[in-house]
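Numbering (the working numbering), first residue to last: 1 to 373.
What follows is a single structure, written as structure tokens, with notes after it.
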């Protein structure tokens, strides 16, 4: 935390992000970045649709000999569900392989949403169920690490599986539900890269008890060299080429896909809900709603006053929090008292553990030299 408090005059981001800066009008660096750079990558108009049409045609042309044209990640959340819907609606001949990773924390509602989506849209689905004993051990190790980003065990397994299946079917394109309309703002100081297998292994070696025999890792070489430069794997964000209004998207997928709302961003995972709505605010003072709401403000989908009113509401209802604590503790094989003890440990930063950071800096320098030549 900074030693003073300030909130942006345009959005609701504040000094809980230690890297935030403000101009002389009190507008934060996140809003400035959106206006100066990110806004130029968002095309919610006819121009965007034309660009996306061209991209999709290129994808189809390059994969005629394959069983699939692209892969998408399917969590059952709003963004991935709407992405699946709009792709099949606008490009019905696009052959999609949906990837879902069950890390042990899926709510029943998430499972139901995913089943409805693939059935109604006639999309092939590959589901990887992570070995729960290994995931449990890794999840507890992360709690003991006392880091901010507790979703790493789930997120890393998802991306590793996605790349693995893309390689298996020789698919070059990953179409992601990420979008600048609702996700343009997320402070880097609030977490760390879930793709860093070096750090995951160091944390598990330090705090884990079981061998990770079945957990799928994405190595440094695979992530930074093999997939992007040798296999030429590309990531496309289609929702950045369309008018994407979150509330309208919810209405559409509710009507067309029998999708049901979870009540919060990424709350399709019970652990993610707990991590974002209790662990982060209590332990680090980070309220991720500020970033989510500020993204909506930046894209014109929400007013600042509306966002401030939402932030006045509690993150958790008392009984709901009690139930989730008991569920998570029991599933992890620890008591609720032990869970609170782990949360109360001194906060750590990713720099307290081994990481790929120095390697990433080196590889970027090498690639820059190679591009110049």
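Ideal placement from N, C-alpha and C gives every residue a C-beta, glycine not left out.
Treat the numbers as computed from the prediction; the structure is a model and nothing was measured.
Query: Would you kindly work out how many angstroms separate the C-alpha atoms of residue 217 and residue 161, rounded to a whole number?; Result: 8 angstroms
Query: Which one of 119, 156 and 78 has the shortest CA to CA distance from residue 138?; Result: 156
Query: When DSSP labels each residue in this structure, what does residue 378 get in the three-state scheme?; Result: Lying before the first or after the last residue shown, residue 378 is absent from the chain, which here runs from 1 to 373.
Query: Within this structure, are the beta carbons of residue 290 and residue 12 separated by less than 7 angstroms?; Result: yes
Query: Helix, strand or coil: how does DSSP classify residue 86 here?; Result: helix
Query: To the nearest angstrom, how far is it from the Cα of residue 328 to the Cα of residue 145?; Result: 17 angstroms
Query: Assign residue 266 to one of three DSSP states: helix, strand, or coil.; Result: A caution first: residue 266 carries a pLDDT of 47, below 50, which makes its placement in the model unreliable, though a value can still be read off. Correct three-state label for residue 266: coil.
Query: CA-CA distance, residue 266 and residue 6?; Result: Only weak support exists for where residue 266 lies, its pLDDT of 47 falling under 50; the value from the coordinates is given anyway. If you take the alpha carbons of residue 266 and residue 6, they lie about 27 angstroms apart.
Query: Going by beta-carbon coordinates alone, are residue 69 and residue 94 separated by less than 7 angstroms?; Result: yes
Query: Start and end of the alpha helix (DSSP H) containing residue 159?; Result: 152-168
Query: In whole angstroms, what separates the C-alpha of residue 85 from that of residue 192?; Result: 31 angstroms
Query: If you follow the alpha helix (DSSP H) that residue 48 is in, where does it begin and where does it stop?; Result: 46-62
Query: Given residue 83, which residues of its chain have a CB within under 8 angstroms of its CB, disregarding the five upstream and five downstream residues?; Result: 72, 175, 176, 177, 238 and 239
Query: Can you tell me the Cα-Cα spacing of residue 38 and residue 182, whole angstroms?; Result: 12 angstroms
Query: Go ahead and label residue 358 buried or exposed: buried means 16 or more other beta carbons lie within 10 angstroms of its beta carbon, across all protein chains shown.; Result: exposed
Query: When DSSP builds the beta bridges, which residues end up paired with residue 173?; Result: 234
Query: From the DSSP output, which residues share a beta bridge with residue 127?; Result: 100
Query: Using the three-state DSSP reduction, which class does residue 207 fall into: helix, strand or coil?; Result: helix
Query: In whole angstroms, what is the alpha-carbon distance linking residue 261 and residue 100?; Result: 18 angstroms
Query: What three-state label does DSSP hand residue 225 in the structure shown?; Result: helix
Query: Given a threshold of 16 other Cβ atoms within 10 Å of its Cβ, counted over all protein chains shown, does residue 314 qualify as buried or as exposed?; Result: exposed
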